[in-house]
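**Student:** Residue numbers (the numbering used here): 691 to 875.
1. Using a Cβ-Cβ cut-off of 7 Å (strictly less than) and excluding sequence neighbours within five positions of residue 799, which residues of its own chain qualify?
2. With distance defined between alpha-carbon atoms, name the residue in 692, 791, 739 and 789 nearest to residue 728.
3. In terms of residues, what are the limits of the alpha helix (DSSP H) holding residue 659?
4. From residue 744 to residue 808, what does the alpha carbon distance come to, in whole angstroms?
5. Take residue 850 as the anchor and find which of 761, 870 and 757 has the nearest alpha-carbon.
6. Which of the three DSSP states is assigned to residue 764 in this structure?
7. Quick check on the DSSP output: the alpha helix (DSSP H) that includes residue 800 runs from which residue to which?
8. Smallest Cα separation from residue 749: which of 776, 724, 767 and 768?
9. Buried or exposed for residue 740, please, with buried defined as at least 16 other CB atoms from any protein chain shown within 10 angstroms of its CB.
10. So residue 875 is in the alpha helix (DSSP H); what residue range does that whole segment cover?
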C-alpha cells in the first residue's frame, strides 16, 4: 500500500504506510524494513522540498528538488519532483515579475526553459519570458522618458537589446507582435 501511494506521489500516505513497517512498535522480520526505511527517506526528502515550495521559499525548493533527483535518480517520485520543480520556477518567476524584479525574473524563466526542454509547458514558458523582456524594456523606456537632459544611454541600449532578444529568439510568441512599435518608440 505504501509503495502504491508513493507511486501516485502521495508521500503523506506512503510515510504512514512505511512507518507501519519500520515503526518502533512493529515487528517485521524481513528485508522489507530496509526497503521501507529507504523509501520513507525518499518521501521525506520530497515532502521537505514540497514544503519549501508551499511556503514560497522558492530558492530552497529548487535546491531541494534538484538534490532529490540527484540523490534518488531511480525513484518513482522523480517525475513528480520534476513537475514540481517546473511549477516552482514558474511561480517564482511570476512573483518576481509582479514585483517588477525583471532581471531576476528573466533568469528564473531561463532556468525554467532549461528545465522544461522541449516538453509540455515550453510554449507557456517562452511566452512568459518574452513578455518579461518586453516589460523590462518598457520599464527602461519609462526611465528614459522621465530623465531630464540627455537620455541615459545604458537604459536605451538595454531597452533595445531586450526587444531584439524577443524579435530574434521569441518571434513566435504573442509579445513579439509589439516589438516593432516598441523599437520605434
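Glycine residues also receive a C-beta, built at the ideal position from the N, C-alpha and C atoms.
**Tutor:** The structure says:
1. 783, 815, 818, 819 and 822
2. 692
3. Missing from the structure shown is residue 659; the chain here goes from 691 to 875 and no further.
4. 26 Å
5. 870
6. coil
7. 792-806
8. 776
9. buried
10. Counting along the chain, residue 875 falls outside any alpha helix (DSSP H), and DSSP gives it neither H nor E.
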